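A short write-up of the structure that comes next.
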Amino acid sequence: MIDIDIARRLKHAGLRWEPTNGDVFTIDNEQLRDEAFMLSSMVIEPMIARNGNRLFRFNGTTEWALDSVEQHEALWIPREDQLREALGEAFLALHRDADVFVVSVGTGADGPREVRAPRVEDAYAGALLIHLTGG
1 MIDIDIARRL KHAGLRWEPT NGDVFTIDNE QLRDEAFMLS SMVIEPMIAR
51 NGNRLFRFNG TTEWALDSVE QHEALWIPRE DQLREALGEA FLALHRDADV
101 FVVSVGTGAD GPREVRAPRV EDAYAGALLI HLTGG
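Using UniProt numbering, read the sequence shown as starting at 1 and increasing by one per residue.
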């Protein structure tokens with residue numbers, strides 16, 4: 001899983017989330033930010049509230065009687081495959097160099113950039129930040 005701070009930066013950079021089963025998220029506050037939740041029709045269901053806002057309903061007692069949380073209060077923690085998909089055509093290559101993963105991403109006129117990280121999902125996340133921010 002990518003770091004919560006990186007997930008927050010991706011959200012602020014404009015990464016859009018269309019929740020689906022299997023997605024992982026946290027509730028970005030001091031008490032719950034270390035807890036990861038997974039959307040699943042059996043445990044946590046995405047739904048639309050009466051006011052039109054998307055929310056996640058917690059079923060059962062396994063989640064400390066947390067009934068629901070609105071999507072804007074949740075912080076999506078995208079998986080490796082979701083990060084790669086979000087890069088789209090900007091993704092150029094992934095390779096391993098010694099003990100790090102290297103993602104090459106197209107940045108337009110400036111040419112390709114490389115992001116190096118010890119874990120592949122972190123390299124993808126860094127490349128996606130570059131892609132989203134144009135930097």
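Just so you know, even glycine gets a beta-carbon here, dropped at the ideal spot from N, CA and C.
These numbers were taken from a predicted model, which means no experiment stands behind them.
Relative to the C-alpha of residue i, which candidate in the options has its C-alpha closest?
i	options	result
proline 19	Val103, Arg9, Glu35, Met47	Met47
phenylalanine 101	Ala127, Glu45, Trp17	Ala127
asparagine 29	His72, Gly14, Glu80	His72
proline 112	Asp99, Glu35, Leu94, Glu121	Leu94
serine 104	Arg119, Ala123, Leu55	Ala123
glycine 108	Leu83, Asp97, Gly135	Gly135
aspartate 99	Leu83, Leu92, Arg119	Arg119
Could you pull the start and end residues of the beta strand (DSSP E) that residue i belongs to?
i	result
leucine 39	No beta strand (DSSP E) contains leucine 39, which DSSP labels as neither H nor E.
valine 105	100-105
threonine 133	That residue, threonine 133, is in no beta strand (DSSP E); its alpha helix (DSSP H) goes 120-133.
arginine 113	113-117
methionine 47	44-48
aspartate 97	91-97
alanine 74	74-76
glutamate 30	Looking at the DSSP string, glutamate 30 is not in any beta strand (DSSP E), and its letter there is neither H nor E.
arginine 57	54-58
glutamate 70	68-70
So residue i packs on residue j, CB below 8 angstroms; how close in whole Å?
i	j	result
alanine 125	isoleucine 4	With a Cβ gap of about 11 angstroms, alanine 125 and isoleucine 4 do not count as contacting.
valine 69	asparagine 59	With 8 angstroms as the limit, valine 69 and asparagine 59 do not qualify as a contact, their Cβ atoms being about 13 angstroms apart.
isoleucine 77	alanine 13	Between alanine 13 and isoleucine 77 the Cβ distance is about 15 angstroms, and since that is not below 8 angstroms, they are no contact.
leucine 32	alanine 86	About 25 angstroms; that fails the 8 angstroms criterion.
alanine 90	glycine 106	5 angstroms
Please say whether residue j and residue i have beta carbons closer to each other than 8 angstroms?
i	j	result
isoleucine 130	alanine 74	no
glutamate 121	isoleucine 2	yes
leucine 39	asparagine 53	no
arginine 79	aspartate 67	no
Just to confirm the assignment, what range does the alpha helix (DSSP H) spanning residue i have?
i	result
aspartate 81	80-87
aspartate 5	4-12
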